[in-house]
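S.K.:
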Amino acid sequence: MCIHQLNLLAASNNLPITNFLGKQHPIEAHHLSSICDIMEKAMVNGDTCIIRCILVVFQVVFKFFFSPQTERNRDIVRRSGLLLWQLLMAPRDQICSEIQKEVCLAISSGLNILYPGEAEINNLLKLVLTEGERNSGLSQLRDVILTNLAEQLQNNRFGSEDDDHYRLNDELLHYILKIVVRESCVLITKCQTVSKDDFQRLLSTVPAASSCLRYLMAVQNHLLSNTILIKPDDNDDSDSSLQGETLKVQELKTSILSLATQILTGCDEVLEMLQQVTTALINSDISDREQRLKGLEQITKATMLGHLLPVLLTSLMHPNLQTLTMADALMPQLVQLVLYTSQTALLLKTQSPVFSELTSSPSCASEQKGKLFPDERMLEEKEEPGFLTGLKIPAPWAAGKTVETVHPVRDNYKFKETVHIPGARCLYLRFDNRCSSQYDYDKLVIYAGPNTNSRKVAEYGGNTLGYGSRSVLGTGWPKDLVKVEGDTVTFSFEMRSGREHNTPDKAMWGFACTVRAQESSEDVSGGLPFLVDLALGLSVLACSMLRILYNGPEITKDEETCQELLRSKLLQRCQWQVEANGVISPALTPSPSPLPLTIDEDREFTYPSDVLVPPVGHYFDLPRIRLPPGIMIKLREISGRARPQFRPSIK
Numbered sequence: 006m007c008i009h010q011l012n013l014l015a016a017s018n019n020l021p022i023t024n025f026l027g028k029q030h031p032i033e034a035h036h037l038s039s040i041c042d043i044m045e046k047a048m049v050n051g052d053t054c055i056i057r058c059i060l061v062v063f064q065v066v067f068k069f070f071f072s073p074q075t076e077r078n079r080d081i082v083r084r085s086g087l088l089l090w091q092l093l094m095a096p097r098d099q100i101c102s103e104i105q106k107e108v109c110l111a112i113s114s115g116l117n118i119l120y121p122g123e124a125e126i127n128n129l130l131k132l133v134l135t136e137g138e139r140n141s142g143l144s145q146l147r148d149v150i151l152t153n154l155a156e157q158l159q160n161n162r163f164g165s166e167d168d169d170h171y172r173l174n175d176e177l178l179h180y181i182l183k184i185v186v187r188e189s190c191v192l193i194t195k196c197q198t199v200s201k202d203d204f205q206r207l208l209s210t211v212p213a214a215s216s217c218l219r220y221l222m223a224v225q226n227h228l229l230s231n232t233i234l235i236k237p238d239d240n241d242d243s244d245s246s247l248q249g250e251t252l253k254v255q256e257l258k259t260s261i262l263s264l265a266t267q268i269l270t271g272c273d274e275v276l277e278m279l280q281q282v283t284t285a286l287i288n289s290d291i292s293d294r295e296q297r298l299k300g301l302e303q304i305t306k307a308t309m310l311g312h313l314l315p316v317l318l319t320s321l322m323h324p325n326l327q328t329l330t331m332a333d334a335l336m337p338q339l340v341q342l343v344l345y346t347s348q349t350a351l352l353l354k355t356q357s358p359v360f361s362e363l364t365s366s367p368s369c370a371s372e373q374k375g376k377l378f379p380d381e382r383m384l385e386e387k388e389e390p391g392f393l394t395g396l397k398i399p400a401p402w403a404a405g406k407t408v409e410t411v412h413p414v415r416d417n418y419k420f421k422e423t424v425h426i427p428g429a430r431c432l433y434l435r436f437d438n439r440c441s442s443q444y445d446y447d448k449l450v451i452y453a454g455p456n457t458n459s460r461k462v463a464e465y466g467g468n469t470l471g472y473g474s475r476s477v478l479g480t481g482w483p484k485d486l487v488k489v490e491g492d493t494v495t496f497s498f499e500m501r502s503g504r505e506h507n508t509p510d511k512a513m514w515g516f517a518c519t520v521r522a523q524e525s526s527e528d529v530s531g532g533l534p535f536l537v538d539l540a541l542g543l544s545v546l547a548c549s550m551l552r553i554l555y556n557g558p559e560i561t562k563d564e565e566t567c568q569e570l571l572r573s574k575l576l577q578r579c580q581w582q583v584e585a586n587g588v589i590s591p592a593l594t595p596s597p598s599p600l601p602l603t604i605d606e607d608r609e610f611t612y613p614s615d616v617l618v619p620p621v622g623h624y625f626d627l628p629r630i631r632l633p634p635g636i637m638i639k640l641r642e643i644s645g646r647a648r649p650q651f652r653p654s655i656k
């Protein structure tokens, strides 16, 4: 199968053979017709070896050597397509799985040749998506096509020429999402229905994403990464370029909003099924109930809840996607997902042995309550058990930073590194028990500051293994914590001696040190259960979206420009009305309220409670507004009218 290997090598775009094959002349129509003749004869004779070889030839020809420009070529293409579909739709007892796989690869390789129009490709994809569950050949073809499209989409930038080809329309995405939701629900349901041995086998196969799920992941990552990482062209600051970037961002956000809405809707259905299965397992009396409940979380990670939702939640927290439109559209679904995840996480947590021991021991609970202060006792009584009760939130910042040399150190080796933890009052250093150097002057010096000119804290070197100096510097490498005042520490290590022939690696191991801002390190290796972590992420995103909805639309540039004007008591005195075309203008009818005859500009004015009551009967005169002298002087200067002079009358 040399030609099969050639096809596999040519599939990589980085190899020279790809460019070589791409420059070859197209195959002539009569050659492809001869290939079809051989295929027909092999199908009649049932020669599986020839059929498989011709299928591989089809893959290479469709990919590199054929262009259906003439009518005769199009006829040959139609004939090739009919042969491939006869093999694909053949009964399973008449065709082996290897040949069926090669048929799918051939159709996928010649997708743009066998189906030249966008409508024809969409019809094919609609067929394999809707009928794939009923036919194994269509199901395998669907998987091959979607896998290839996912790989191409990951290497494609949004807005390029091929973007529309690799990114399917909303109708096809809806079909794919329905398949993913159904697959996720079936996978979760198996935790309840399959036998004990089948459940163990199921655990050993996850997480494995299906082709439909992989394509949705590719589409989501494609849109989200381009939205978050998109940057305008610094070399082109023209209005057309800025307008084009703005349109691209708006198109991306619209696509993300549509996809996110569908994904959250699908996750809602999967979480509902997860809650039902969890409740059913808790109420069941099967022997391996605890194992199934523990494995349920692992199975859940293999569904769209584990592959799609965490990435979407993290990306929606980016400033580019924290918009009022997103918040208004996604908020109802987020609230529903928060309820489902928190309720299911609480159900699973109440079945864990640790939680049961903490909650079922009345003596322990009474002792803990007896140690509480009165205020804490009151809070304890009011606190309701939730999915976070008894869980320890991981503190990744407590893991510290590890500083180390190469192991073992070499001749003339020098090492220098500075660790800075903002806000720390002091730093705690814990050294590895394998720290050693050949001689005591091959030493590590620690400074309390950003460089070697800072205050020296300590120095360590040598070994007690019987090699080199056979001694250590001072009291030796520390076994307890070393405290360094301040938030910065500098390590400087230098290997001054040459390695002797009998010195083993363990005597020249170097050093490794973990720097923390806390004296006692927290356990950061465990992490939260998946559903608890998911519920927290959804809650954080929902709170962020609520804040956006509460703040409302952002202040526009016109509003910022007119801030002083909008503060004017004169304009605030006017009653504004909305015209038929949406324009806001002052109302011609004054207020019927008994407003004061004079409004002082220097004092804050408040409207009466009935200021918006429509006028009844006759009109009223507007009150006179007294303006400060400074404003009156400026108005007279602008108008060119001098202040009137009053002369005393002469009698």
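The sequence shown begins at 6 in the working numbering and counts up one residue at a time. Built from N, CA and C at the ideal position, the CB exists for glycine as well.
Can you say whether V616 is buried or exposed, counting buried as having 16 or more other CB atoms within 10 angstroms of its CB?
M.R.: Any reading at V616 must be qualified, since the residue scores a pLDDT of 44, below 50, and its modelled position is unreliable; no value is offered.
S.K.: Quick check on the DSSP output: what are the complete beta strand (DSSP E) runs of length 3 or more inside the segment 463-507, in order along the chain?
M.R.: Counting only runs of 3 or more, we get 487-490, 493-499.
S.K.: Per the contact definition of three or more C-beta pairs closer than 8 Å, is the segment 298-316 in contact with the segment 501-519?
M.R.: No, they do not touch.
S.K.: What do you get for S573, buried or exposed, if any count of 16 or more other CB atoms within 10 angstroms of its CB means buried?
M.R.: Classification for S573: exposed.
S.K.: DSSP beta-bridge partners for G454?
M.R.: Answer is none; G454 lacks a bridge partner.
S.K.: Taking just the CA atoms, how far does L151 sit from S216?
M.R.: C-alpha separation (whole angstroms): 6 Å.
S.K.: Tell me V275's beta-bridge partners as DSSP assigns them.
M.R.: None, per the DSSP bridge assignment.
S.K.: DSSP on F67, reduced to helix/strand/coil?
M.R.: Reduced to three states, the DSSP call for F67 is helix.
S.K.: Check whether the segment 560-567 touches the segment 330-347, counting contact only when three or more Cβ pairs, one atom from each stretch, lie closer than 8 Å.
M.R.: The segment 560-567, when compared against the segment 330-347, does not touch it at the 8 Å Cβ threshold.
S.K.: At 3 residues or longer, what runs of the beta strand (DSSP E) sit wholly inside the segment 62-143?
M.R.: Taking only runs of at least 3 residues, no beta strand (DSSP E) segment lies wholly in the segment 62-143.
S.K.: Between which two residues does the beta strand (DSSP E) containing T407 stretch?
M.R.: Taken as a continuous stretch (DSSP letters only), the beta strand (DSSP E) holding T407 covers 406-409.
S.K.: Assuming V282 and Q205 are in contact, meaning their beta carbons sit under 8 Å apart, how far apart are those beta carbons, in whole angstroms?
M.R.: Not really, about 17 Å apart at Cβ, beyond 8 Å.
S.K.: Leaving out the 5 sequence neighbours to the left and right, which residues in its chain are closer than 8 Å to A213 when beta-carbon positions are compared?
M.R.: Excluding positions up to five away in sequence, the list reads A307.
S.K.: Exposed or buried, what is N456 when buried is set at 16 or more other beta-carbons lying within 10 Å of its beta-carbon?
M.R.: Label assigned to N456: exposed.
S.K.: Rounded to the nearest angstrom, what separates G481 and M309 at their Cα positions?
M.R.: Going from the Cα of G481 to the Cα of M309 covers about 54 Å.
S.K.: Less than 7 Å between C-beta atoms, sequence neighbours within five positions excluded: which residues of the same chain meet that for I100?
M.R.: Cβ neighbours of I100 beyond the five flanking positions: L92.
S.K.: I need the DSSP call for F420, collapsed to helix, strand or coil.
M.R.: It is a strand residue.
S.K.: Please classify L182: does DSSP put it in a helix, a strand, or coil?
M.R.: Three-state result, L182: helix.
S.K.: Out of Q303, A265, L486, M322, which one is the CA nearest neighbour of L338?
M.R.: Correcting the residue type first, residue 338 is Gln in the shown sequence and not Leu. Answer by Cα proximity: A265.
S.K.: Less than 7 Å between C-beta atoms, sequence neighbours within five positions excluded: which residues of the same chain meet that for A453?
M.R.: The answer, listed in chain order, is S459, R460, V462, V489, E490, G491, V494.
S.K.: Looking at C-alpha atoms only, which residue of K201, F420, L154 is the closest neighbour of L221?
M.R.: Checked all of K201, F420, L154; the closest Cα to L221 is L154.
S.K.: Closest by CA to N671, which one among S442, I451, L432?
M.R.: Since the first residue shown for the chain is 6 and the last is 656, residue 671 is missing from the structure and cannot be characterised.
S.K.: Once you ignore the five residues that flank E274 on each side, which residues in its own chain have a CB closer than 6 Å to its CB?
M.R.: Here the set comprises V186.
S.K.: Is the separation between the beta-carbon of F436 and that of P483 shorter than 7 Å?
M.R.: Going by C-beta atoms, F436 is nearer than 7 Å to P483.
S.K.: Can you find the residues in the same chain that come closer than 7 Å, C-beta to C-beta, to E103, ignoring five residues on each side of it along the sequence?
M.R.: Excluding sequence neighbours, E103 sits near R57.
S.K.: Applying the criterion that 16 or more other CB atoms from any shown protein chain within 10 Å of the CB defines a buried residue, is S361 buried or exposed?
M.R.: Caution is warranted here: a pLDDT of 41 is assigned to S361, below 50, making its placement in the model unreliable, and the coordinate value is therefore given only provisionally. With fewer than 16 Cβ atoms within 10 Å of its Cβ, S361 is classed as exposed.
S.K.: Under the three-state reduction of DSSP, which class applies to F436: helix, strand or coil?
M.R.: Strand, per DSSP.
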